[in-house]
Each structure stands twice: as structure tokens, then as C-alpha cells.
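S.K.:
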Amino acid sequence: MFDKYGEFDSAEELNAAAAGQKAEGDTGALKELAEENGIDEDDVQDYMDGVTDSLCTPLTAAYGKLAVETAVLRPVEIVEDWVSYIRVQCMDNPDMAAAVRRKDRHLKDCIAKILTWSFKNAYEVDEDIVEAAGITASVKMGIPGMARVKKIICDYYLGGGKSEKEVGTRN
9 MFDKYGEFDS AEELNAAAAG QKAEGDTGAL KELAEENGID EDDVQDYMDG
59 VTDSLCTPLT AAYGKLAVET AVLRPVEIVE DWVSYIRVQC MDNPDMAAAV
109 RRKDRHLKDC IAKILTWSFK NAYEVDEDIV EAAGITASVK MGIPGMARVK
159 KIICDYYLGG GKSEKEVGTR N
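Under this note's numbering, the residue at position 124 of the sequence shown is numbered 132, and the numbers go up by one with no gaps.
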């Protein structure tokens, strides 16, 4: 992940690197740079053809980073949902998109924050539910609801202190 060109801290840094490759006429390097950063091939072509002035926007840079990180982590089920929450928040809030792209923020660490909350807040499932499920042992769960996950995501990427309303979450 980010082995050849390194990790970029912002869309602006990524665009500056892309501009350098374009100025040198190194189409191959530009495509490699984009692929390493999860930027869509169509966006690369538009940039090379002069249809757009830059390779990416803060949103596409954030989505690209999430795509690269997701490919490595291979989330399933509820964790896929959590990644989707992050994407939605990036779309709703430019500050979130910029924060996701930062070098010091990573999907695995955000998911770890959610899991930490889950284990710290696990509770005994009612014995009638456990019995109805055909389980003979006691069961503990700690899966956070959507609002809690969104708060943890915002706290992780934006440093806390902003309410969900301020970061533009959807209901």
C-alpha cells in the first residue's frame, strides 16, 4: 500500500505529484500513481486529455484512499457497513474527506476504535433470546448502533468535538 509513490497527506499533494508526471509526459507513471492511490482510470484519462485541471478532488482522493485500504483489509458484513458510513460522511462533509486522506489517519485504526468500543461495552444477551437461538452458553454482544459508529468515526477522523449534525451525517 503506497509503496512506490508514498502516502499523500491531501488531494493537493496528490495533484502536485500528478502534475509533475504529466509535465514530464510520463503517462505510465501517472497511471501507476493513480492506481496506487485508488483513483479511477477514467479520471486519469480525463486529466491526461485536459478535460479536468487536476487528477482528483478531495472527495475522490478520500474515496481512493478508502478503496486502497479496503482492498487490504477485506471487510465483510458490519465492517463493510462501517466503511460505507465513512464514505457517506466524506460525501456530506469536505472536512471529513480531507481528514480521511491525511497520512495520520487510517481505516484500520478507525475500525479498531469501533471494535474497542464494542468490547468495552459488551452486554449479556437476554437468556430467552439465547435459548431461542438454540445456544446453551451465555452470550455477550457489543455491536454499536449506527449513531454510535458515526460518532466514533467523526471523533477518529476529525479529532472529536464535532456533533453529528455539524459533520453532516444523514439520518
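Yeah, the Cβ is synthetic: ideal placement off N, Cα and C, and Gly gets one too.
List the residues that DSSP assigns as beta-bridge partners of residue 132.
M.R.: Answer is 148, bridged to residue 132.
S.K.: So does the stretch 48-65 actually touch the stretch 83-96, counting three or more Cβ pairs closer than 8 Å?
M.R.: No, the stretch 48-65 is not in contact with the stretch 83-96.
S.K.: Quick check on residue 171: does DSSP put it in helix, strand or coil?
M.R.: Legend: pLDDT at residue 171 = 41, less than 50; position of this residue unreliable, value from coordinates given subsequently. Of the three classes helix, strand and coil, the one that applies to residue 171 here is coil, per DSSP.
S.K.: Can residue 81 and residue 121 be called in contact, C-beta distance under 9 Å?
M.R.: Their beta carbons are not under 9 Å apart, which means residue 81 does not touch residue 121 by this criterion.
S.K.: To which residues of the same chain is residue 113 closer than 8 Å at the C-beta, ignoring the five residues directly before and after it?
M.R.: Result list for residue 113: 107, 164 and 165, in chain order.
S.K.: What did DSSP end up calling residue 7 once you bin it into helix, strand or coil?
M.R.: Residue 7 is absent from the model: the chain starts at 9 and stops at 179.
S.K.: Go ahead and label residue 129 buried or exposed: buried means 16 or more other beta carbons lie within 10 angstroms of its beta carbon, across all protein chains shown.
M.R.: Result: exposed.
S.K.: Going by DSSP in three states, residue 137 sits in which element: helix, strand or coil?
M.R.: It is helical.
S.K.: Which one of 97, 11 and 29 has the shortest CA to CA distance from residue 162?
M.R.: When each option's Cα is compared against that of residue 162, the closest is 97.
S.K.: Residue 104 and residue 119 - do their beta-carbons sit closer together than 9 Å?
M.R.: Cβ atoms of residue 119 and residue 104: not closer than 9 Å.
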